[in-house]
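Here is the structure we will look at.
Number of protein chains: 4
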Amino acid sequence: MKPTDVQNIRISDSFVLTRVGVTGVKKPMSVHRPKGAVTVIANIDAFVDLPQTLKGSHMSRNIEIINEAMVQEPVKSLEAMCLKLAHTLLKRHDYATRSEVMLTADYFLERRTPSGRPTLENYKIMAKALCDKAQNVYKKMIGVEVIGMTACPCAQVTARNIMNERDNIEVPDNVPFITHNQRNIVSIMIEVPENAEIEADDLIDIAESSVSSPTYGTLKRGDEAAVVINAHSNPKFVEDVVRDALMRIRDKYSYLPDDALVTVRSTAEESIHKHCAMAERSTTIGKLKEGENFKPLPNTCA
Amino acid sequence: MKPTDVQNIRISDSFVLTRVGVTGVKKPMSVHRPKGAVTVIANIDAFVDLPQTLKGSHMSRNIEIINEAMVQEPVKSLEAMCLKLAHTLLKRHDYATRSEVMLTADYFLERRTPSGRPTLENYKIMAKALCDKAQNVYKKMIGVEVIGMTACPCAQVTARNIMNERDNIEVPDNVPFITHNQRNIVSIMIEVPENAEIEADDLIDIAESSVSSPTYGTLKRGDEAAVVINAHSNPKFVEDVVRDALMRIRDKYSYLPDDALVTVRSTAEESIHKHCAMAERSTTIGKLKEGENFKPLPNTCA
Amino acid sequence: MKPTDVQNIRISDSFVLTRVGVTGVKKPMSVHRPKGAVTVIANIDAFVDLPQTLKGSHMSRNIEIINEAMVQEPVKSLEAMCLKLAHTLLKRHDYATRSEVMLTADYFLERRTPSGRPTLENYKIMAKALCDKAQNVYKKMIGVEVIGMTACPCAQVTARNIMNERDNIEVPDNVPFITHNQRNIVSIMIEVPENAEIEADDLIDIAESSVSSPTYGTLKRGDEAAVVINAHSNPKFVEDVVRDALMRIRDKYSYLPDDALVTVRSTAEESIHKHCAMAERSTTIGKLKEGENFKPLPNTCA
Amino acid sequence: MKPTDVQNIRISDSFVLTRVGVTGVKKPMSVHRPKGAVTVIANIDAFVDLPQTLKGSHMSRNIEIINEAMVQEPVKSLEAMCLKLAHTLLKRHDYATRSEVMLTADYFLERRTPSGRPTLENYKIMAKALCDKAQNVYKKMIGVEVIGMTACPCAQVTARNIMNERDNIEVPDNVPFITHNQRNIVSIMIEVPENAEIEADDLIDIAESSVSSPTYGTLKRGDEAAVVINAHSNPKFVEDVVRDALMRIRDKYSYLPDDALVTVRSTAEESIHKHCAMAERSTTIGKLKEGENFKPLPNTCA
């Protein structure tokens, strides 16, 4: 009789593997939200490490663990569910010392346009968990990806100057001047320490407050102009978007432990270029608080 | 001895198939261009039809035919090469009555920024061929995909009016007003009849002339402002982009036969929305010439 | 006072546009299904045509119409909702003569593995509607995209022959032989005439019955082997997949009018090649019934 | 007179940014290869950090630096070019302390099928460089992404046992048994220390030697069967692929310094699942050599 548990074959003198598992597992999940449970379609990756003595990881266990989590719905939060999955991965793969779970899902919130019209806007929500027995690390993170709009502060000043000097055109300083503007993708990812709670909706608020203007699905004429005027009165580089979001994160989450991780990224799909502009900061809450005292910028073009 | 040519098995009373073949075949190819041969990385699909009496198509022939075409480089034009491939497909698959070949490739042209600085810009080039023995159709098409910039004419008028009425701000009419602007993807596809020649570079010129402004990789401060001023002096809906391109196509290619196919599409990756705006026209040169006499629009905001 | 309804500007002698509208609009929707309402995240495109006398289409109406449809949930079927959207588009854009709506969404069904274990599998559901006043056409279509597995009949025969002749290895005919197998993406799109009802779940059944084997998220050891044995006992070209699906469609939907449209496509992401193999048929129910009398193939390798 | 160099505005007490720059810059480049210069279409990202006292980074410099590099063609190697770009970024952005450059490009090599037929295969080539003044780090890396084929060792054993026990079918051990097989994407990334040279073509060889079988564009019947027989005689988990590549890397590059970084990943686009299986190791040459003495596995099914 031949062996059938090929993964369990003991091998000698091979290499440890850092991550072994499944990617792109799609499942609908019900998640508890401030206004009641909502269904999200989660896209999940789940890994453990593998010692050098074992030929293979039993990956069907990863899928079983994900399936079980779906039954106990609605889950309290996506990051709590990821951490629970990561813990269970370590239990079922008893040879493993590390586990990782990543999840992304489309997400929707009702917003109001400048004139107050309701509109349902789409976002991406992201969650992660990491367990590491050896280092006694059990982390979870929550994040969001938000599409907003940025208007460039630099071209705005230059265009105004050129038209002033070359064409002798003087536009009052209180009239926002033309510049290029574009879609800007802002992502925020933040560690949620034990006993702390961070609401994804708040991170979406922070991201939308940090661009030149939020964007909306439905904009009738007056609202469209209001968005344009707001964005041009509030021009931002990708650098400004990241720093403004960092400032808001530091202020709102200053109670978090110093070693809580934070990453903020802003990518402008430039309207004047075929490539993109990007700014990013990866740091901790402690670093944000210590020494780097941000004071909000005056209007750049003033 | 069992049969080994499974594809050649004669079956009875099954269904004709419209297209059978390969997709996503990547090959580097040398193409003759106005300024000398250039290498492109082509992504190719190649199909024939299949009669109801045959179990399978011999798809490895499609790959062999593509490989042979690569050896006879540099090819004169990508659409001529597609047509040659389509003819050869019909010859080698003697059971077939129809063949189709589609190709896309990244492509580059040297451009000048408004101040005259040279910059190498990236585009997509597309080619297609279709042979149909029964209908005696042997067509080839060439096309381009171009990233440009559009500034919205509607928000520009509304924003000016609102600031005028609400804030009593009067900006002279010769000063282009703020609006939202964004990446705009323009694609043009046109039939190249026998004995005619259409240069992809000319189609790129037409697409770039039809947006509010072309875009550039390298823009120092003065050039950046010039692009912004040009775009805002030339605001365009996706509808305007398509119509302006159609007008230029009709004027430049009026000598083509009336049944020559033309498709133009413009997609604005809206900066004020998370979704896109799109306009498209699929028609013939004859339709463009007959009755629909386009006169260029005056500046929309005047 | 300047005009503010820029889209409404009357222009002269321009070009008709075939499709003008929005793409990539994401909305959660509740849809009635056999086992109760489910939430899907729909990705929607919505277009109308534009006469040559009008400068622009009022695209915000497209979004409003989509928003209104969401409120009247749960919708009866996605294709019925698309048709309703298309009708409303024509009403609100009174200048339009044509409208089109396309929708895709992730979708899930509970399946049983060969040993009977329950597993939730993911699919894509697609719906379309087209209204054309001039031609008095009011069509709707429903479709699915299904990931399955195909095992190649050709390599199976050749490998068996080679090992037999070269290595003198004789394997009994009732033992399925090795071959290459791979992911196969099957899509079916079918017109749903007035008063007819077609259930997307049935189309998923047809697609899964037409590949060498369905695939499953959770497969413990015995189930994994069963899927492999089933697939190798049922080898299929992409051509076979399309024809088998066409046969099932003709038999199940023979009551549909002759002009009801059907498209079936199968794409094998080949494991032995870096490119894909593809087969497709676009036709009508009438064509499938008339003359092309399919008799199921005997096992190909016999 | 207003300031026009908005980026240069001195701000106080803001946040350092980790990475600021451009992404998705496409450029054709001529690269020196063993058999002569070849043209690749590079997709480039280029970043520097930004001190807390400066409002913005001058991103047009990043594009200028990339443009200049293109003129000095053919470049010796893509990773050397990335390092040169990273050095120049630090020079031109004199406020920066870190710079990063990443590049990917399609790449082609002539291969021989099992029967010796020539075939041009497509791969992806990747290069990276990182400069960090504060830590005195000046690193460059080269990598490849290769599509191959893996046959599952586990299902092969289980299917053989089931058919043996249930159906009393005995197939000789020297006949490779059926199993599922699929596309497998292998990526290797390795640090190239100063004065060392690592040839991307060798990394492609290593990746292709580590899957169950390489894959080919053109396979006539006998070659197709040979690939299938080879793959089934050499079944591999994603775990095996990564470990076999690591072993080959350790043996071939044992002369590299101990701290040279290595990452190997294998992703199987499973034919029996809709999700993927993945294994990965991130480590150093030193770790691979010390203590983890790999001995090649005997045939898994024996």
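Protein chains in written order, with this note's numbering: chain A, 13 to 314; chain B, 13 to 314; chain C, 13 to 314; chain D, 13 to 314.
Cβ coordinates follow ideal geometry from the N, Cα and C atoms, glycine included.
If you're wondering where the values come from, they're calculated on a predicted model, not measured in any experiment.
Chain A places no beta carbon closer than 8 Å to that of V240 (chain C), leaving this residue out of the contacts. Check the Cα spacing between E80 (chain D) and each of D:S69, D:K232, D:I284 and D:M93: the tightest is with D:M93. Shown here, I154 (chain A) sits in a strand according to DSSP, grouped into three states.
For Q194 (chain B), the uninterrupted beta strand (DSSP E) run begins and ends at N193 to E203, by DSSP. Contact between the segment 96-109 of chain D and the segment 163-170 of chain D is absent, with fewer than three C-beta pairs closer than 8 Å. Under the Cβ distance rule, V52 (chain B) does not count among the residues neighbouring chain C, no pair being separated by less than 8 Å.
Within the segment 181-211 of chain B, those residues whose Cβ lies closer than 8 Å to any Cβ of chain A are, in chain order, I181, V183, P184, N186, V187, P188, F189, I190, T191, H192, N193, Q194 and R195.
Contact between the segment 251-258 of chain B and the segment 116-136 of chain B is absent: fewer than three C-beta pairs spanning the two stretches fall below 8 Å. DSSP places R172 (chain C) inside the alpha helix (DSSP H), whose first and last residues are P165 to D179.
In the DSSP assignment, D118 (chain D) is bridged to D:K136. Here D213 (chain D) carries a helix assignment [DSSP, helix/strand/coil]. Within the segment 109-131 of chain A, no residue places its CB atom closer than 9 Å to a CB of chain D. Leaving aside the five residues that flank G234 (chain D) on each side, the residues in its chain whose CB is nearer than 7 Å to its CB run, in chain order, S127. Y267 (chain A) and F59 (chain C) have their C-alpha atoms some 50 Å from each other.
Per DSSP, reduced to three states, the secondary structure at R123 (chain D) is strand. Taking 8 Å as the cut-off, the Cβ atoms of V158 (chain B) and V198 (chain B) count as close. Closest option to E302 (chain A), judged by alpha-carbon separation, among A:K67, A:T125 and A:R262: A:R262. The beta carbons of D57 (chain B) and T109 (chain B) sit about 18 Å from each other, so the pair does not count as a contact at 8 Å. In the structure shown, K103 (chain A) adopts helical secondary structure according to DSSP, grouped into three states.
Taking all protein chains shown into account, A212 (chain D) has 16 or more neighbouring C-beta atoms within 10 Å of its C-beta and is therefore buried.
Close to chain A, meaning a Cβ-Cβ distance shorter than 7 Å, are the following residues of the segment 212-232 of chain C: G229, T230, L231 and K232. Around A146 (chain D), the same chain offers T109 as residues with beta carbons nearer than 7 Å, after the five sequence neighbours per side are excluded. Following the DSSP letters along the chain, one finds N55 (chain B) inside the beta strand (DSSP E) bounded by residues V50 to L62.
Ranked by how close their Cα comes to the Cα of L97 (chain B), the residues B:S69, B:T65, B:K140 and B:D118 have B:K140 in first place. For A289 (chain A), the enclosing beta strand (DSSP E) starts and ends at C288 to T296. Taking the beta carbon of L300 (chain D) as reference, the chain A residues within 9 Å of it are F27, listed in sequence order. D271 (chain B) has no beta-bridge partner at all, per DSSP. With at least 16 other beta carbons inside 10 angstroms of its own, K67 (chain A) counts as buried. Straight through space, the alpha carbons of K232 (chain D) and H244 (chain D) are spaced by roughly 19 Å. DSSP, read as helix, strand or coil, puts S221 (chain B) in helix. Under the Cβ distance rule, P40 (chain B) counts among the residues neighbouring chain D, one pair being separated by less than 8 Å. In this structure, the alpha-carbon of I216 (chain D) lies about 12 Å from that of V276 (chain D).
Between the segment 23-35 of chain B and the segment 283-294 of chain A, the count of Cβ pairs shorter than 8 Å is below three; the stretches do not touch. A residue is called buried when at least 16 other Cβ atoms come within 10 angstroms of its Cβ; D179 (chain C) does not meet this threshold and is exposed. In the three-state DSSP reduction, K299 (chain A) falls in the helix class (H, G or I).
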